[in-house]
Amino acid sequence: MEIKSYIKENKDRFLEELFSLIRIPSISSQTEHKEDMVKCAERWKELILLAGADKAEVMPTEGNPVVYGEKFISKDYPTVLVYGHYDVMPIDPAEEWNTNPFEPVIKDDIIWARGADDDKGQSFMQAKAFEYMVKSGKLKCNVKFMIEGEEEIGSGALYGFCEKNKELLKADVILVSDTSMINKDTPSITAGLRGLGYIEVKVTGPKADLHSGIYGGAVANPINILCKIISQLQDEDNRCTVPDFYKEVIELSKEERELMARAPFDEKSYLDITGSPSLHGEKGYSTIERTGVRPSFDVCGIWGGYTGEGAKTIIPSTAHAKISFRLVPDQDFNVITERVKKHIEAIAPKCVKVEVMPLHGGYAYVSPLDLPAYRAAEKAMQKTYGKQPIPTRSGGSIPIVAGFERILGTKSILMGFGLGSDAIHSPNENYPLQQFFNGIESIAYFYEEFAEIMKK
Numbered sequence: 001m002e003i004k005s006y007i008k009e010n011k012d013r014f015l016e017e018l019f020s021l022i023r024i025p026s027i028s029s030q031t032e033h034k035e036d037m038v039k040c041a042e043r044w045k046e047l048i049l050l051a052g053a054d055k056a057e058v059m060p061t062e063g064n065p066v067v068y069g070e071k072f073i074s075k076d077y078p079t080v081l082v083y084g085h086y087d088v089m090p091i092d093p094a095e096e097w098n099t100n101p102f103e104p105v106i107k108d109d110i111i112w113a114r115g116a117d118d119d120k121g122q123s124f125m126q127a128k129a130f131e132y133m134v135k136s137g138k139l140k141c142n143v144k145f146m147i148e149g150e151e152e153i154g155s156g157a158l159y160g161f162c163e164k165n166k167e168l169l170k171a172d173v174i175l176v177s178d179t180s181m182i183n184k185d186t187p188s189i190t191a192g193l194r195g196l197g198y199i200e201v202k203v204t205g206p207k208a209d210l211h212s213g214i215y216g217g218a219v220a221n222p223i224n225i226l227c228k229i230i231s232q233l234q235d236e237d238n239r240c241t242v243p244d245f246y247k248e249v250i251e252l253s254k255e256e257r258e259l260m261a262r263a264p265f266d267e268k269s270y271l272d273i274t275g276s277p278s279l280h281g282e283k284g285y286s287t288i289e290r291t292g293v294r295p296s297f298d299v300c301g302i303w304g305g306y307t308g309e310g311a312k313t314i315i316p317s318t319a320h321a322k323i324s325f326r327l328v329p330d331q332d333f334n335v336i337t338e339r340v341k342k343h344i345e346a347i348a349p350k351c352v353k354v355e356v357m358p359l360h361g362g363y364a365y366v367s368p369l370d371l372p373a374y375r376a377a378e379k380a381m382q383k384t385y386g387k388q389p390i391p392t393r394s395g396g397s398i399p400i401v402a403g404f405e406r407i408l409g410t411k412s413i414l415m416g417f418g419l420g421s422d423a424i425h426s427p428n429e430n431y432p433l434q435q436f437f438n439g440i441e442s443i444a445y446f447y448e449e450f451a452e453i454m455k456k
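Okay, so the sequence shown: first residue is 1 according to our numbering, each after it adds one.
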């Protein structure tokens with residue numbers, strides 16, 4: 001049976017199995033979901049075994065468990081290590097969801113739920129493509145699965161897990177479905193990911209909230225000060241003002257910029273997806289460049305003082321902000337984080353106490369286009385979509401991918417099928433059924449193409 005027919009005959013079962021994962025609220029950043037993390041890992045173990053793995057187990061780490069599974073066929077065959085994650089982002093703001101985020105709904109041929117795309121939907125494509133290859137007798141690769149539960153909080157425990165299990169995780173390539181395509185009609189392969197630094201800033205003024213009438217104008221307001229600090233971190237051209245922030249950034253050549261400019265970009269569609277009235281970003285660069293090969297600097301959250309109903313006239317004791325900076329190749333997130341920390345401390349006035357706390361980070365990653373696995377992915381997607389995929393650089397980050405290369409010495413291929421309209425990390429996350437099914441098909445073809453290339 002060919003892959004298209006297999007998908008058609010089994011699609012209802014595929015979806016119900018996926019929904020069994022989605023219904024588990026595996027939010028790694030919230031401690032009240034600790035038991036859900038284990039429950040989701042156990043369900044993944046069951047599904048990997050169901051798909052045809054010889055064995056699967058839930059392995060402990062210093063954080064959330066890792067699900068490991070494998071199918072060994074022959075020492076003469078190449079080995080593919082499939083990576084995915086079962087943790088998801090919080091649902092906030094909950095009131096903006098049109099459906100229950102953990103009760104998946106299919107409407108207009110789209111799955112609506114938290115994790116529908118990122119990354120339960122995408123990683124589950126891997127399991128079903130593997131299932132087809134096993135049951136059809138076409139699998140000519142050894143396959144290992146490593147599904148973690150901390151990607152959305154930096155994969156902290158996975159680094160140590162990889163260090164301790166280098167032999168277990170040995171492979172010719174790591175296959176990842178956790179990225180996106182240019183659009184549903186333009187296949188693309190992510191050949192690079194930005195790195196990431198993430199900090200929390202706490203500004204403390206008085207020892208307790210004060211009456212703004214009695215003390216206003218005489219005591220520093222931490223929220224006012226925090227806003228002033230943040231306003232100084234970017235200039236009028238939207239460049240980060242931290243000294244040496246761009247020191248290691250490699251400028252693209254004219255030829256490279258021209259090549260990137262060939263990728264289709266529809267400004268109207270982009271603005272429709274984002275809901276923004278106009279484009280905005282670092283002066284002198286295109287949107288594709290701003291989100292792929294240039295660093296960025298963003299405040300992700302800011303809070304403090306009274307935000308309840310009605311008025312409460314106070315000078316708050318503290319103010320907080322969470323800030324992320326996306327990084328590009330040659331920028332070390334540890335170095336950049338320290339530069340940002342020192343700069344914020346340097347511009348902070350003495351009338352408040354400022355604490356800068358690094359939370360997590362990761363390195364940028366680049367996949368050479370001449371890798372055998374890249375060529376296999378290219379051929380596979382061309383079979384599904386009828387056109388050659390375009391190599392792109394993603395603005396997002398999967399820090400552990402660069403970690404795999406440093407710890408395991410293994411390159412990763414990023415075959416993602418998400419779309420810009422999927423609202424990952426936002427309310428009303430979704431994933432088109434066609435992308436889900438096309439992903440299963442393409443990944444099955446990948447195994448065929450990779451085995452053939454590695455045999456030559």
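Heads up, the beta-carbon is just placed ideally off N, CA and C, and yes, glycines get one too.
Going by Cα to Cα distance, which pick from 105, 92, 72 and 199 is closest to residue 359?
Here residue 359 refers to the residue found at position 359 when the sequence shown is read from its first residue. Nearest of 105, 92, 72 and 199 to residue 359, Cα basis: 199.
Going by Cα to Cα distance, which pick from 386, 4, 383 and 392 is closest to residue 366?
Within the sequence shown, numbered from 1, the residue matching residue 366 stands at position 366. Comparing Cα positions, the closest option is 392.
Taking the alpha-carbon positions, what's the residue 351 to residue 220 distance?
Within the sequence shown, residue 351 is the residue found at index 351, counting from 1. Within the sequence shown, residue 220 is the residue found at index 220, counting from 1. About 6 Å.
What first and last residue would you give for the alpha helix (DSSP H) that runs through residue 297?
Counting from 1 along the sequence shown, the entry for residue 297 is found at position 297. Element bounds for residue 297: not the alpha helix (DSSP H) but the beta strand (DSSP E), 296-304.
Please state whether DSSP places residue 162 in a helix, a strand or coil.
Residue 162 sits at position 162 when you count from the first residue of the sequence shown. Correct three-state label for residue 162: helix.
Taking Cβ to Cβ, would you say residue 122 is nearer than 7 Å to residue 443?
As a working mapping, residue 122 is identified with position 122 in the sequence shown. As a working mapping, residue 443 is identified with position 443 in the sequence shown. No, Cβ-Cβ distance for residue 122 and residue 443 is not below 7 Å.
Along the chain, where does the alpha helix (DSSP H) containing residue 260 start, and where does it finish?
For this step, residue 260 is matched to residue 260 along the sequence shown. That run of the alpha helix (DSSP H) goes 254-260.
Please say whether residue 259 and residue 319 have beta carbons closer to each other than 7 Å?
Mapped onto the sequence shown, residue 319 falls at position 319. Mapped onto the sequence shown, residue 259 falls at position 259. In this structure, residue 259 does not lie closer than 7 Å to residue 319 by Cβ.
Just to confirm the assignment, what range does the alpha helix (DSSP H) spanning residue 186 have?
The residue labelled residue 186 in the question sits at position 186 within the sequence shown. Counting along the chain, residue 186 falls outside any alpha helix (DSSP H), and DSSP gives it neither H nor E.
Could you say which of 281, 72, 223 and 339 lies nearest to residue 307 if we only look at CA atoms?
As a first step, residue 307 is located in the sequence shown; it is residue number 307 there, counting from the start. Nearest C-alpha to residue 307: 223.
Please work out which residues of its chain come closer than 7 Å, Cβ to Cβ, to residue 77, disregarding the five sequence neighbours upstream and downstream, and give them in chain order.
Taking the first residue of the sequence shown as 1, we reach residue 77 at position 77. Within the same chain, residue 77 has close Cβ partners 140, 141, 142 and 451.
To which residues of the same chain is residue 124 closer than 6 Å at the C-beta, ignoring the five residues directly before and after it?
As a position in the sequence shown, residue 124 is number 124, starting the count at 1. Contacts found: 18.
Under 6 Å Cβ to Cβ from residue 325, same chain only, skipping five residues before and after it: list those, please.
Stepping through the sequence shown from its first residue, residue 325 is reached at position 325. So the list reads 197 and 297, once near-sequence residues are dropped.
Buried or exposed: where does residue 13 fall if 16 or more other Cβ atoms within 10 Å of its Cβ makes it buried?
The residue labelled residue 13 in the question sits at position 13 within the sequence shown. It is exposed - the Cβ of residue 13 has fewer than 16 other Cβ atoms within 10 Å.
If you measure from the beta carbon of residue 334 to each beta carbon in chain B, is any gap under 7 Å?
No chain B is part of this structure, which consists of one protein chain only.
Assuming contact is defined by CB atoms lying nearer than 7 Å, are residue 189 and residue 389 in contact in what I supplied?
Walking along the sequence shown from the start, residue 189 turns up at place 189. Walking along the sequence shown from the start, residue 389 turns up at place 389. In contact: residue 189 and residue 389 (Cβ atoms closer than 7 Å).
Can you tell me whether residue 271 is helix, strand or coil according to DSSP?
Position 271 of the sequence shown, counted from the first residue, corresponds to residue 271. Correct three-state label for residue 271: helix.
Tell me the residue span of the alpha helix (DSSP H) that contains residue 33.
As a working mapping, residue 33 is identified with position 33 in the sequence shown. Where residue 33 is concerned, there is no enclosing alpha helix (DSSP H), given that its DSSP letter is neither H nor E.
Any chance you could list the beta strand (DSSP E) runs of at least 3 consecutive residues sitting entirely within the stretch 175-244, in chain order?
Entirely contained in the stretch 175-244, the beta strand (DSSP E) runs reaching 3 residues are, in chain order, 188-193 and 195-204.
Can the beta-carbon of residue 305 be found closer than 7 Å to that of residue 322?
For the purposes of this step, residue 305 is taken as the residue at position 305 of the sequence shown. For the purposes of this step, residue 322 is taken as the residue at position 322 of the sequence shown. Not a contact, by the Cβ cut-off of 7 Å.
Can you give the beta carbon distance from residue 412 to residue 404, rounded, assuming they're within the 8 Å contact cut?
Reading the sequence shown from its first residue, position 412 is the one you call residue 412. Reading the sequence shown from its first residue, position 404 is the one you call residue 404. With a Cβ gap of about 6 Å, residue 412 and residue 404 count as contacting.
Measuring alpha carbon to alpha carbon, tell me which residue in 60, 217, 71 and 205 is nearest residue 458.
Here the chain comprises residues numbered 1 to 456, so residue 458 is not present and cannot be evaluated.
In the structure shown, what three-state DSSP assignment does residue 8 receive?
The sequence position of residue 8 within the sequence shown is 8, counting from 1. Residue 8 falls in the helix class under three-state DSSP.
Can you list, in chain order, the stretches of the beta strand (DSSP E) that have 3 or more residues and sit fully within the stretch 391-431?
Here the runs fully enclosed are 412-414.
Considering only their Cβ atoms, is the gap separating residue 115 from residue 22 smaller than 7 Å?
Residue numbering aside, residue 22 sits at position 22 when the sequence shown is read from its first letter. Residue numbering aside, residue 115 sits at position 115 when the sequence shown is read from its first letter. Their beta carbons are under 7 Å apart, which means residue 22 touches residue 115 by this criterion.
Reducing DSSP to helix, strand and coil, say where residue 44 ends up.
Residue mapping note: residue 44 aligns to position 44 of the sequence shown, counting from 1. Note: residue 44 maps to helix in three-state DSSP.
Going by DSSP in three states, residue 144 sits in which element: helix, strand or coil?
Along the sequence shown, one-based indexing puts residue 144 at 144. Three-state result, residue 144: strand.
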